[in-house]
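So the sequence shown is numbered by this note's numbering: it starts at 19 and just counts up by one.
Backbone N, C-alpha and C fix where the C-beta goes; we use that ideal spot for every residue, glycine too.
To start, the structure itself, in structure tokens.
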Amino acid sequence: VVQNSRTLAVLGILAGFMAPLWLSTGSGNHVGLFSYYAVLNAGIFAIAWFRPWRALNLLGFAFTFGIGTFWGVLQYRADKFASTEPFLLLFFAFYLLIPLLYARRQPAERRDLVDGSLVFGTPLIAFSLQAGMLHEQPMTLALCALGLAAIYAVLARALIHRASYSVLAQSHAVLAAGFATLAVPLALSARATGAVFALEGAGLAWLGLRQQRWLPQVAAALLQLGAAFAFVVGADYWHGDTRFLLNPTAIGALLLAVAGFASAWSYQRRAWHDVAVVYYLWGLLWWLGGFVHEIGRFIEHVAQADALLVLAAVTAWLAAEVQRRQPARALGVTALLMLAAGFPLALLQSDAHQQPFAGYGALGWAVFAVLGVRTLLCLRQGGDGVARIAQFLWWLLWPSLLSLLALWGGGTAHLAQGWSALLVTLPWLLLAALSLWRWTWLRWPLGDAFDAARVALQSVVFGVLACAWWIGISLAGDATPLPWLPVLNPAELAQWLSLLLAARWLFGSQAPALLQRLRVPLLALAGFIALTSTVLHGVHHWGGVPWAPSMARESLAQTSLTVLWSVLGVIAWVWGSRRGQRVLWMVGAVLMAVVLAKLVLIDRQHLGNLLGIASFIAYGLLCTVVGYLAPAPPGTAPTVENTQ
């Protein structure tokens with residue numbers, strides 16, 4: 019020290035640490051060994067008081083805890099605790115204070131330079147050794163963690179008001195918070211000790227960014243990976259957990275998630291967005307994985323979907339709240355995906371207890387509704403497409419739920435098929451009507467920004483109604499206990515209401531341009547199919563013909579279709595002639611040609627009965643009417659030159 023020779027000091031300390039290894043007799047006297055090392059560390063401490071020789075500090079740290087760990091693995095037993103613990107505390111005290119001396123000996127403008135290896139490595143190694151010595155006394159180990167938290171909190175408090183020691187103070191504050199958090203799982207079990215690696219890794223990542231050094235950042239990532247590996251290796255002990263959430267497995271996974279989120283926050287503040295996203299996804303994996311494991315482990319199967327729904331709602335809300343204060347696209351996407359998870363979870367609930375609101379489902383959806391609204395309110399601060407998509411899915415979710423409820427209710431109440439079809443379709447009819455006449459109700463909470471999603475929302479809603487309409491046509495549509503009446507039965511009421519709303523949409527300005535151009539033929543085709551369906555349902559309900567594919571072979575069904583299509587063809591033919599609309603006239607002509615082909619190919623098989631004969635007679639009479647009212651295709655409108 020007097021000669022200011024760092025090399026000489028390093029060689030002397032190195033020889034001092036190696037001497038017991040060279041001269042060992044194998045007696046196993048650990049007290050003598052550690053006493054000797056205590057003297058050497060006292061020398062290092064004294065040198066650190068005068069000289070900021072980091073290499074010497076690291077050498078002493080590596081030999082002291084390296085040899086101590088090697089001895090502990092091979093020879094430590096519980097009966098040696100009393101003779102070993104004082105040395106562990108002494109060595110910890112040495113290397114707790116040496117980084118402070120190292121910072122004190124730096125120039126005033128460099129005192130924010132922190133020796134991360136000792137500041138974070140000392141508690142990491144020392145506490146891991148302490149955990150090995152107290153692995154059968156979890157409560158004592160938890161008290162040790164609280165004691166460490168108190169020590170680091172006091173040091174942080176003492177340094178925080180000194181501007182030149184701000185980084186060192188913040189490092190100690192991070193360690194205090196980490197050990198205070200770690201005390202919780204340790205109080206329950208010592209199996210979660212590995213989570214300290216994740217917490218220290220988060221602290222090291224923050225420090226590496228603060229000092230703009232890549233080595234601590236790499237070490238931070240390795241520490242968190244090591245913590246995850248240790249957590250997974252201990253999977254055999256997971257089955258021993260007896261309390262929901264309040265067990266080492268759940269809290270260990272939560273600490274891994276917190277470490278990932280904290281690291282993501284550190285990188286996000288430094289605008290390292292790609293790395294921040296990786297850490298965030300890592301934390302989100304442990305967050306969701308830990309809670310999903312707890313739900314699968316402790317909650318009965320019938321209520322698991324309800325619990326997952328609450329988890330999705332809470333996750334969406336927390337992500338949106340953080341996104342509101344610290345904008346990040348990954349947070350908004352997380353909230354969006356958690357809201358979208360309501361769709362498959364509703365199906366899981368229906369599979370588990372027949373409908374989404376049974377059991378704890380009603381409570382789960384109440385929580386989802388409250389937190390979902392808050393999530394949307396937070397997301398609107400971002401002003402990007404994520405908020406629009408989230409609100410878009412939000413308005414599609416609730417009619418889906420009500421349709422599932424109606425489907426279950428119709429079956430439970432033994433309602434006729436037509437009533438069930440009407441109940442299932444009603445929520446979507448209501449949403450379609452609101453989108454047409456009360457759009458301002460659906461804009462909340464996003465406001466004007468949601469107008470851009472109006473076309474997409476209406477397209478999906480009417481797409482769902484089109485599917486329901488097509489399915490409804492294929493059903494028998496029983497109206498029991500009421501008698502079946504054309505159009506005025508529940509199934510066809512839903513179908514015709516869907517058509518009327520679709521017509522209003524297509525003739526408005528919000529429909530896609532392609533559909534607006536095709537609206538007349540689309541609606542005409544839909545009306546033709548609906549009228550055909552009404553006639554066939556009448557044949558089934560009034561004529562007693564079974565609702566099955568074999569209906570096509572029944573003469574009553576074929577005659578009814580012949581009459582209907584002929585009437586429609588005549589109407590189109592005459593109307594096109596009177597209004598000068600050649601396309602409409604041609605549609606009527608084509609339809610009459612189809613009817614003629616049907617008479618020749620199909621209805622002639624029924625000429626042996628009155629219904630078959632009636633088909634031909636009806637067609638002939640209608641053709642006679644057309645010949646009188648519109649005998650020729652309408653001509654083109656006269657031009658001005660022809661008039662003159």
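For residue i, the first and last residue of its enclosing alpha helix (DSSP H)
i	result
TRP565	It is not in any alpha helix (DSSP H) - TRP565 carries neither H nor E in the DSSP assignment.
GLU312	291-316
TYR285	266-287
ARG175	156-177
GLY481	472-492
ALA59	Checking the displayed sequence, the identity of residue 59 turns out to be Asn instead of Ala. Counting along the chain, the alpha helix (DSSP H) containing ASN59 begins and ends at 48-68.
PHE468	Here PHE468 belongs to no alpha helix (DSSP H), and DSSP marks it neither H nor E.
GLY427	403-430
PRO345	Run containing PRO345: none; DSSP gives neither H nor E here.
GLN399	Where GLN399 is concerned, there is no enclosing alpha helix (DSSP H), given that its DSSP letter is neither H nor E.
THR742	Nothing about residue 742 can be reported from this structure: the residues present for the chain run from 19 to 662 only.
PHE112	99-122
LEU522	This sequence places Arg at residue 522; Leu is not what is there. From DSSP, the alpha helix (DSSP H) with ARG522 extends over 508-524.
TRP457	457-461
ALA531	531-535
Cβ-Cβ separation, residue j to residue i (assumed contact under 8 Å), whole Å
i	j	result
GLY562	ASN507	Contact doesn't hold; Cβ gap of about 17 Å is too wide.
GLY594	LEU602	3 Å
GLN242	ALA282	So it is not a contact: roughly 11 Å between Cβ atoms.
LEU29	PRO38	With a Cβ gap of about 17 Å, LEU29 and PRO38 do not count as contacting.
MET157	TYR94	Actually they do not touch by this definition, with Cβ atoms about 21 Å apart.
ALA531	GLY495	No, ALA531 and GLY495 are not in contact; Cβ-Cβ is about 35 Å, not under 8 Å.
VAL557	GLY587	Contact flag wrong, Cβ pair sits at about 20 Å.
LEU454	LEU519	7 Å
ALA220	ALA194	In fact, because the Cβ distance is near 14 Å, the residues do not count as touching under 8 Å.
VAL404	GLY350	4 Å
GLN341	LEU423	Not a contact, Cβ separation roughly 32 Å.
ALA548	TRP514	7 Å
ARG406	ALA471	5 Å
GLN576	ILE635	14 Å between Cβ atoms; not a contact.
ALA408	LEU420	Contact doesn't hold; Cβ gap of about 20 Å is too wide.
LEU357	ALA337	So it is not a contact: roughly 10 Å between Cβ atoms.
Where residue i sits in the DSSP three-state scheme
i	result
GLN229	helix
ILE620	coil
GLU572	coil
ALA376	coil
GLY30	helix
GLN322	helix
TYR88	The residue you asked about is not Tyr; residue 88 is Phe in the sequence shown. Reduced to three states, the DSSP call for PHE88 is helix.
LEU366	helix
GLY436	helix
SER207	The predicted model places SER207 with a pLDDT of 49, which falls under 50 and marks its position as unreliable; any figure quoted below should be read in that light. The answer is coil: DSSP assigns SER207 none of H, G, I, E or B.
GLN242	helix
SER184	helix
VAL328	helix
THR260	coil
VAL505	coil
THR443	helix
LEU500	coil
ALA359	coil
ARG596	helix
SER527	coil
TRP224	helix
TRP71	coil
ARG95	coil
GLY390	helix
GLY219	helix
ARG129	Because ARG129 sits at a pLDDT of 49, beneath the cut-off of 50, its placement in the model cannot be relied upon, and the following sentence gives the value as read from the coordinates. Of the three classes helix, strand and coil, the one that applies to ARG129 here is coil, per DSSP.
GLY556	helix
GLY545	helix
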